[in-house]
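Chemist: Just dropping this structure here.
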Amino acid sequence: MGFSPSLAAYLAWARRGSQSDYKIESERPQGELVWGHATSTARADALCQLAERLRVHRPGIHLLLTATEDVTRLAFSRGPVILQPLPEDRFGPCEAFLSHWAPDICLWTGGDFRPTLLTCARRHRVPLHLIDADVTLLSGQRWHRLCDPNRSLIRHFSGIMARSEEAERQLRRIGVKEADIALGGLFQAGSVSLPCNEEDRAAVSASMRGRPIWMAAAVQPDELEIVLGAHRRVTRFAHRLLLVIAPARSGDVGAFRERIAAEGWRPTVWSEGQMPAETTQIVLADTPEEMGLWYRLASVTLMASSLVPGHGGRDPNEPAAHGSAILYGPNSGRYLEIYDRFAQAGAARRVHESETLASAVEDLIAPDRSAAMAHAAWDLASQGAEVTDRIMDLVQDTLDVLAAR
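The letter at position 188 of the sequence shown is residue 191 when you use this note's numbering, and the numbering goes up by one with no holes.
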């Protein structure tokens with residue numbers, strides 16, 4: 004393949020002084036390795052979820068995750084995910100990176116290309132796929148500076164999935180054939196249904212006798228007073244309202260119970276086999292594996308670990324998958340981009356302290372209002388799951404072909 008003049012000039016520059024100073028931070032695991040490059044925190048989340056789902060079908064698979072500098076990486080080191088910084092975009096470091104990791108497939112998200120790295124990957128015969136192609140990244144200054152109308156760099160990709168019709172049009176303008184573009188939609192972490200014991204669900208529902216339920220999930224000790232203050236405000240008019248508190252750490256349940264009882268509330272602790280009674284005001288849900296039960300029962304869920312700084316927030320896709328309206332605080336960390344998208348779709352609402360939390364709960368315990376928000380959240384989260392399904396099929400088909408050679 005011939006290179007455009009400006010791209011060829013860039014690659015010539017990249018060959019100068021290109022001895023490898025690439026630092027190997029860990030060994031390549033045995034088995035299949037998917038290389039995913041994230042150009043946003045939301046895309047990094049989606050790639051991690053993709054890896055976890057792939058591992059159900061291919062137990063030995065790993066994800067090598069690289070990301071742009073503005074993506075917070077520490078939070079993504081989990082399960083089958085290996086975090087690795089990108090090499091400098093010169094031939095020596097790029098060759099060392101690819102020789103060491105030898106990825107079986109590359110999913111490059113968004114745009115914001117590294118010309119030398121992608122050129123070397125093509126020479127290493129790594130199948131390259133551009134996922135979630137984004138018009139804002141495709142039309143950036145680097146793109147226009149490096150590529151003339153031949154657009155040779157984009158042709159390194161054997162498959163392209165655009166996130167929008169606008170991105171699809173931009174790709175056609177830079178020379179990609181319409182037949183080579185798939186319109187995929189947003190690549191984002193989607194909803195995953197959590198398990199639920201239906202007998203427990205029926206028993207709790209029967210014991211509630213129509214009482215409204217709201218939940219505060221992943222509550223930190225320094226958020227407990229905010230949650231209790233909001234519940235106190237709302238129960239002044241909604242006397243039968245039940246609050247479910249899921250501590251961020253189940254080991255905090257003892258301290259939570261003491262503080263709750265000291266303020267005059269009547270709590271029960273789920274792990275002790277206590278079924279909430281008519282007089283129960285607060286349930287301490289201290290079994291993380293049963294969160295699917297409480298998301299299904301609560302019409303409104305506050306995703307805590309977000310009301311005060313330093314806790315990083317929690318994923319809104321969990322309650323979205325189970326029909327609960329979503330509230331969140333201003334300190335949602337790496338999930339902020341996802342929450343912004345939910346809020347714009349009317350699928351989540353931001354709160355700040357006890358007063359705004361109480362106002363939101365008071366508004367959303369009305370069944371029609373919580374149902375409308377919950378439906379919007381489910382719809383948005385389901386879209387992410389559908390795109391992930393398509394990418395899963397792409398990855399598995401590619402790996403199956405490679406394995407058959």
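All C-beta atoms in this analysis are idealised placements derived from N, C-alpha and C, irrespective of residue type, glycine included.
(1) What does the alpha-carbon distance come out to for the pair arginine 212 and valine 272?
(2) Restricting to Cα atoms, I'd like to know which of Val311, Ile157, Ala384, Ala375 is closest to arginine 125.
(3) Leaving aside the five residues before and after alanine 185 along the sequence, list all residues of the same chain whose C-beta is less than 6 Å from its C-beta, in chain order.
(4) In whole angstroms, what separates the C-alpha of arginine 393 from that of serine 210?
(5) Would you please state the rounded distance, in angstroms, between the beta carbons of proline 224 and aspartate 255? I believe it to be under 8 Å.
(6) Are the beta-carbon atoms belonging to glycine 39 and leucine 50 less than 9 Å from one another?
(7) So, valine 286 versus leucine 367, is the Cβ gap smaller than 9 Å?
(8) Mapping DSSP to helix, strand and coil, what is leucine 310?
(9) By how many angstroms is the C-alpha of threonine 139 removed from the C-alpha of tryptophan 146?
(10) In or out: histidine 242 buried (at least 16 other Cβ within 10 Å) or exposed?
(11) Across which residues does DSSP place glycine 162 in a beta bridge pair?
(12) How would you label glutamate 321, buried or exposed, when you count the other beta carbons within 10 angstroms and need 16 or more for buried?
(13) Would you grab the beta carbon distance between leucine 131 and tryptophan 111 for me? Rounded to a whole angstrom, and I think it's under 8 Å.
(14) Three or more beta-carbon pairs under 8 Å between the segment 305-315 and the segment 375-383, yes or no?
(15) Which of the three DSSP states, helix, strand or coil, is assigned to isoleucine 27?
(16) For a test of the three-state rule: what should DSSP assign to methionine 278, helix, strand or coil?
(17) So cysteine 97 is in the alpha helix (DSSP H); what residue range does that whole segment cover?
(18) Please give me, in chain order, every unbroken run of the beta strand (DSSP E) with length at least 3 that falls completely inside the segment 332-383.
(19) Looking at the structure shown, is cysteine 109 part of a helix, part of a strand, or coil, going by DSSP?
(20) Just confirm the distance between the C-beta atoms of histidine 68 and alanine 41, as a whole number of angstroms; I'd bet it's less than 8 Å.
(21) Excluding sequence positions up to five away, which residues of its chain have a Cβ less than 8 Å from the Cβ of threonine 282?
(22) Provide the residue span of the beta strand (DSSP E) that contains leucine 296, from first to last.
Modeler: Judging by the given coordinates:
(1) 19 Å
(2) Of the candidates Val311, Ile157, Ala384, Ala375, the one whose C-alpha sits nearest the C-alpha of arginine 125 is Ile157.
(3) Met164
(4) 42 Å
(5) 6 Å
(6) Yes.
(7) In this structure, leucine 367 does not lie closer than 9 Å to valine 286 by Cβ.
(8) coil
(9) Reliability fails at tryptophan 146, whose pLDDT of 48 lies under 50, so the model's placement of it is uncertain and no value is given.
(10) exposed
(11) His132
(12) buried
(13) 6 Å
(14) Flag = no, the segment 305-315 and the segment 375-383 do not touch.
(15) coil
(16) coil
(17) 94-104
(18) 351-353
(19) Here cysteine 109 carries a strand assignment [DSSP, helix/strand/coil].
(20) The sequence shown places leucine at residue 68, not histidine. Indeed they touch by this definition, with Cβ atoms about 7 Å apart.
(21) Arg269
(22) Run containing leucine 296: none in the beta strand (DSSP E); it sits in the alpha helix (DSSP H), 294-300.
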